[in-house]
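Asks:
Number of protein chains: 2
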Amino acid sequence: MKKVAIIGVGITPFGELWDDSFREIGIKAGFEALHDANISSDDIDAIYVGNMSAGRFIDQEHIGALIADYAGLAHNNIPSTRVEAGGASGALAVRQAYFSIASGMNEIVVVGGAEKMTDIGDVEVNDIQSSAADQEWETVFGATYPSLFALMARRHMHEYGTTREQLSSVAAKNHRHGSLNPKAQFRREIKPEAISRSPVVSDPLRMLDCAPISDGAAAVIMCDMGIAKKYSEHPVEVIASAQASDTLALNQRKSITEMLATKIAGKKAMEMAGIGPADIDLAEVHDNFTISEIMAVEDLGFFPKGEGAKATLDGKTTIGGDIPINTSGGLKARGDPIGATGVAQIVEIVEQLRGKADKRQIKDAKIGLAHSVGGTGSSAIVHILGVGQ
Amino acid sequence: MKKVAIIGVGITPFGELWDDSFREIGIKAGFEALHDANISSDDIDAIYVGNMSAGRFIDQEHIGALIADYAGLAHNNIPSTRVEAGGASGALAVRQAYFSIASGMNEIVVVGGAEKMTDIGDVEVNDIQSSAADQEWETVFGATYPSLFALMARRHMHEYGTTREQLSSVAAKNHRHGSLNPKAQFRREIKPEAISRSPVVSDPLRMLDCAPISDGAAAVIMCDMGIAKKYSEHPVEVIASAQASDTLALNQRKSITEMLATKIAGKKAMEMAGIGPADIDLAEVHDNFTISEIMAVEDLGFFPKGEGAKATLDGKTTIGGDIPINTSGGLKARGDPIGATGVAQIVEIVEQLRGKADKRQIKDAKIGLAHSVGGTGSSAIVHILGVGQ
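So the protein sequences, as listed, match chains A and B.
If you're matching positions, the first sequence starts at 1 in the working numbering and goes up one per residue.
If you're matching positions, the second sequence starts at 1 in the working numbering and goes up one per residue.
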């Protein structure tokens with residue numbers, strides 16, 4: 001297997017992008033990444049696109065071909081592959097691209113992630129998000145995406161004494177980080193007390209526990225490390241990629257206070273990289289709800305089970321803390337355009353490892369981890385990136 | 001790159017499967033393939049799933065995780081990847097699985113394709129099919145999937161003198177083949193005159209020019225050829241895989257009487273296999289409309305441009321002819337559950353190369369080709385299979 005590098009990144013502002021269509025944001029992120037990598041579209045061998053539900057959000061399937069076309073790559077007739085795994089769709093695109101280069105099949109690949117969620121009504125958005133859970137055993141009975149995570153939060157509180165104040169500390173920290181990120185959907189701090197007083201969505205989760213509905217796109221250019229130096233003085237290396245599945249429905253799992261798929265994918269990725277949690281300088285994790293970040297930092301081994309919430313309240317996961325989590329603002333504050341999210345995580349890690357994260361910069365960051373979840377944890381994908389040699 | 005074998009195939013009957021849910025048909029096909037390959041689910045390293053639009057057909061995204069779960073593979077937590085490229089979704093899953101084995105990443109992989117299209121109304125089905133074309137430049141103005149292919153048919157008639165009688169000969173031949181396939185949706189012959197008199201859908205295309213709306217699933221087990229003999233006395237080898245893109249909208253193409261993506265993917269696949277069209281014993285091509293098969297047999301090089309329709313009327317593409325096309329009955333008669341179609345084509349080629357196609361058997365079949373199209377030709381995927389050594 002060849003070593004794989006990231007030589008370019010691009011990202012649109014996340015938010016309610018009324019003036020841009022799906023294809024426009026996809027192309028903006030892609031061009032920014034091509035420009036950053038200093039390559040032309042003629043150098044590209046293939047495209048991988050992460051997208052969850054454009055068929056329902058904008059009446060358009062066949063997103064792979066669309067992106068190839070609107071990126072001006074249709075004249076090269078290069079293959080374009082759309083992948084989907086709910087909230088992990090963007091990470092899945094990165095993973096497929098990684099293997100296509102590691103195997104020697106492709107040299108240079110564009111990975112794009114995009115979602116346009118605000119062109120339809122909020123109720124329908126909720127239906128679509130919930131379609132990553134189990135339609136026959138959960139959503140058909142009225143379970144929504146937030147309500148399934150509320151079950152996990154309530155059980156986590158019961159088993160580990162996790163508190164309202166601790167949940168709020170996750171969102172407050174991510175809003176603080178987001179305030180430093182010019183591409184974030186929400187660029188202002190929110191006091192923990194305001195989070196704890198925000199309207200209940202599904203008890204115990206409140207509005208400010210939930211990631212927002214967002215439009216946005218992100219892209220990365222990946223290539224064989226053997227040629228990366230031609231394009232970039234400081235290529236970032238993808239040193240591990242791992243993926244795991246779990247049951248689609250929550251009721252089939254032994255525990256709902258952990259995500260087994262995250263534990264397995266995290267463990268495999270660290271084995272592949274030959275490192276442990278203590279070697280990681282920063283991580284972007286899947287905080288679609290505050291409880292999700294707490295479970296993630298536990299399941300990835302940054303903190304023992306049951307201690308993720310306290311660690312967050314104690315400031316261990318903030319910029320400057322032991323293990324900074326979601327320096328971009330995370331899904332909560334940077335925004336969560338579903339298919340773009342996993343790619344946006346990679347963009348943030350690359351900027352950190354390049355030392356270009358400005359006010360969010362983690363000093364001497366050498367190794368970063370990105371973690372994405374599909375559904376309520378039925379898919380998890382972990383990538384580990386390092387400063388290239 | 002390692003050699004890749006197919007050691008097991010499974011397929012449900014195609015049709016209006018009122019008694020089976022999406023997950024049931026997916027699992028039936030998968031279990032049949034596992035049984036055929038004589039392996040247990042514990043041997044599987046990964047799953048790839050082709051599905052176009054379960055989000056809209058059955059309110060369920062995250063089909064990769066769903067299939068992993070319902071195949072009983074969630075306890076192994078193995079990675080599952082859903083891919084989508086409109087009508088080429090199934091072929092795209094085969095292709096991703098092929099590369100995952102050729103690269104050495106996986107040893108044994110299940111590929112599934114499935115779609116459940118009859119649980120909603122026909123008008124909505126038409127909307128969904130059309131979402132593989134260009135939403136902003138075609139379907140929003142009222143263009144439907146059949147109407148776009150009708151434009152191609154009319155222009156083909158204008159340029160090459162293709163006739164109504166010739167179009168009907170495609171469907172009549174595929175229904176004749178389908179009558180020999182116990183899994184086909186339509187298992188009776190239809191006279192060409194009846195096809196020519198069927199109701200107009202979009203002039204010049206009539207009802208019996210169009211593939212039906214179908215439910216169904218198909219699965220194949222693929223593995224490293226180095227271990228294939230452990231499981232199968234007669235493994236079939238995947239000797240080539242190629243994919244190409246073209247513009248999403250018809251109006252952007254230089255010609256609408258050919259599919260450039262098909263030409264490029266076909267040429268690349270034959271180069272990879274080191275063969276030409278004359279070396280191929282049979283082919284499954286994407287006959288979602290009669291005109292599509294005519295363009296496909298020309299674009300793949302079986303007949304010169306403009307002569308595909310006459311060749312079909314002359315019987316050259318029938319079982320026993322020069323190059324038998326769609327011995328399964330094709331999309332027209334076997335049925336077209338979108339995500340399953342590309343996998344079902346592989347199932348048919350494997351059965352033919354094993355000499356197990358019963359009344360449809362092509363004598364001494366050694367090399368077969370499968371061709372899938374997404375949208376109106378904006379994605380094309382070609383696989384070439386051969387009798388394993």
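In this text, a Cβ means the ideal position worked out from N, Cα and C, and glycines have one as well.
Between which two residues does the alpha helix (DSSP H) carrying Ile264/A extend?
Replies: Start and end: 260-273.
Asks: Round the Cβ separation of Ile367/B and Gly386/B to the nearest angstrom and send it over; I've been treating them as touching at under 8 Å.
Replies: Rounded, the Cβ-Cβ distance is 5 Å, consistent with contact.
Asks: Determine the closest residue to Ser169/A out of Gly308/A, Lys3/A, Ser241/A, Asp322/A, with distance taken between C-alpha atoms.
Replies: Selected option, being the one with the closest Cα: Gly308/A.
Asks: Ignore the nearest five residues each way along the sequence and tell me which others in Arg164/A's own chain have a CB closer than 8 Å to its CB.
Replies: Within the same chain, Arg164/A has close Cβ partners Ser196, Pro204.
Asks: Alpha helix (DSSP H) containing Glu293/A: first to last residue?
Replies: Per DSSP, Glu293/A belongs to the alpha helix (DSSP H) from 290-299.
Asks: Of all the options Ala357/B, Met295/B, Ile25/B, which has the alpha carbon lying nearest to the alpha carbon of Ala150/B?
Replies: For the residues Ala357/B, Met295/B, Ile25/B, the minimum Cα distance to Ala150/B belongs to Met295/B.
Asks: Contact between the region 12-21 of chain A and the region 227-246 of chain A is defined here as three or more beta-carbon pairs at a separation below 8 Å; is this criterion met?
Replies: Counting Cβ pairs under 8 Å, fewer than three are found: no touch.
Asks: Over what stretch of residues does the beta strand (DSSP E) that includes Thr81/B continue unbroken?
Replies: Run containing Thr81/B: 80-84, per the beta strand (DSSP E) assignment.
Asks: Sort out for me which residues DSSP pairs Leu313/A with in a bridge.
Replies: According to DSSP, Leu313/A bridges with nothing at all.
Asks: Can you give the Cα-Cα distance for Thr257/B and Glu107/B, rounded to whole angstroms?
Replies: So the alpha carbons of these two residues sit roughly 41 Å apart.
Asks: Kindly identify the DSSP beta-bridge partner or partners of Asp322/A.
Replies: Answer is none; Asp322/A lacks a bridge partner.
Asks: Where does Arg187/B fall in DSSP's three states?
Replies: Of the three classes helix, strand and coil, the one that applies to Arg187/B here is coil, per DSSP.
Asks: Between which two residues does the alpha helix (DSSP H) holding Glu32/A run?
Replies: It spans 22-37 - the alpha helix (DSSP H) in which Glu32/A sits, taken as one unbroken run.
Asks: Go to Lys332/A, then tell me how far its alpha helix (DSSP H) extends in each direction, as first and last residue.
Replies: Note, Lys332/A: alpha helix (DSSP H), 330-333.
Asks: Counting only beta-carbon atoms, is Ile25/B nearer than 9 Å to chain A?
Replies: It does not: the Cβ of Ile25/B has no partner Cβ on chain A nearer than 9 Å.
Asks: Check each candidate in Glu159/A, Glu115/A, Leu300/A and name the one with the smallest Cα separation from Ile323/A.
Replies: The shortest C-alpha separation from Ile323/A is found at Leu300/A.
Asks: Starting from the N-terminal side, write out each stretch of the alpha helix (DSSP H) that is 4 residues or longer and does not extend beyond the region 207-250 of chain B.
Replies: The region 207-250 of chain B contains these whole alpha helix (DSSP H) runs: 225-228.
Asks: If we define contact as Cβ-Cβ less than 9 Å, is Ser103/B a contact residue for chain A?
Replies: Yes, its Cβ sits closer than 9 Å to a Cβ of chain A.
Asks: How close, in whole Å, do the beta carbons of Thr317/B and Arg360/B come, if the pair is a contact with beta carbons under 8 Å?
Replies: The Cβ separation is near 14 Å, so there is no contact.
Asks: With 9 Å as the threshold, decide whether the Cβ of Phe289/A is near any Cβ in chain B.
Replies: Chain B contact via Cβ: absent.
Asks: Could you give the residue range of the alpha helix (DSSP H) that holds Gly87/B?
Replies: First-last for Gly87/B: undefined, no H or E at that position.
Asks: Report yes or no: is there a C-beta of chain A within less than 9 Å of the C-beta of His62/B?
Replies: Interface residue, yes.
Asks: Return the residue from the list Met157/A, Val125/A, Gly50/A that minimises the CA-CA distance to Gln96/A.
Replies: Here the closest residue by C-alpha is Gly50/A.
Asks: Can you tell me where the alpha helix (DSSP H) holding Ala71/A begins and where it ends?
Replies: Premise fails: Ala71/A is in no alpha helix (DSSP H) and is neither H nor E.
Asks: Could you round the C-beta distance between Val238/A and Val4/A to whole angstroms and report it? I think they count as a contact, below 8 Å.
Replies: The Cβ separation is near 5 Å, so the contact holds.
Asks: Is the Cβ-Cβ distance between Ile73/A and Arg23/A less than 9 Å?
Replies: Per the sequence shown, the amino acid found at residue 73/A is Leu instead of Ile. Cβ distance not < 9 Å, so Leu73/A and Arg23/A don't count as in contact.
Asks: Is there at least one Cβ from chain B nearer than 9 Å to Val123/A's Cβ?
Replies: Answer no: the Cβ-Cβ gap between Val123/A and chain B never drops below 9 Å.
Asks: If I follow the unbroken alpha helix (DSSP H) through Ser179/B, where does it start and stop?
Replies: Neither: Ser179/B is in no alpha helix (DSSP H) and is coded neither H nor E.
Asks: Report the option in Arg354/B, Ser378/B, Gly388/B, Leu250/B whose CA atom is closest to the CA atom of Gly64/A.
Replies: That would be Ser378/B, whose Cα lies nearest to the Cα of Gly64/A.
Asks: Can you check which of these residues, Lys305/A, Lys254/A, Ala340/A, Thr247/A, is closest to Tyr70/B by C-alpha distance?
Replies: It is Thr247/A whose Cα lies nearest to the Cα of Tyr70/B.
Asks: Could you run through the region 49-77 of chain A and flag, in chain order, every residue whose CB is less than 9 Å away from some CB of chain E?
Replies: In the structure shown, chain E cannot be found, because the protein chains are A and B.
Asks: Can you give me the C-alpha to C-alpha distance between Arg155/A and Ser292/A, rounded to a whole angstrom?
Replies: In a straight line, the C-alpha of Arg155/A is about 13 Å away from that of Ser292/A.
Asks: Tell me whether Glu165/A sits in a helix, a strand or coil according to DSSP, three-state version.
Replies: It is helical.
Asks: Check the Cβ-Cβ distances between Gly226/B and every residue of chain A, and say whether any is below 9 Å.
Replies: No, because no Cβ of chain A sits closer than 9 Å to the Cβ of Gly226/B.
Asks: Are the C-beta atoms of Thr247/B and some chain A residue less than 9 Å apart?
Replies: Interface residue, yes.
Asks: Using a Cβ-Cβ distance cut-off of 9 Å, determine whether Ala337/A contacts chain B.
Replies: Note that residue 337/A corresponds to Pro in the displayed sequence, not to Ala. No, Pro337/A lies away from the interface with chain B (no Cβ there is under 9 Å from its Cβ).
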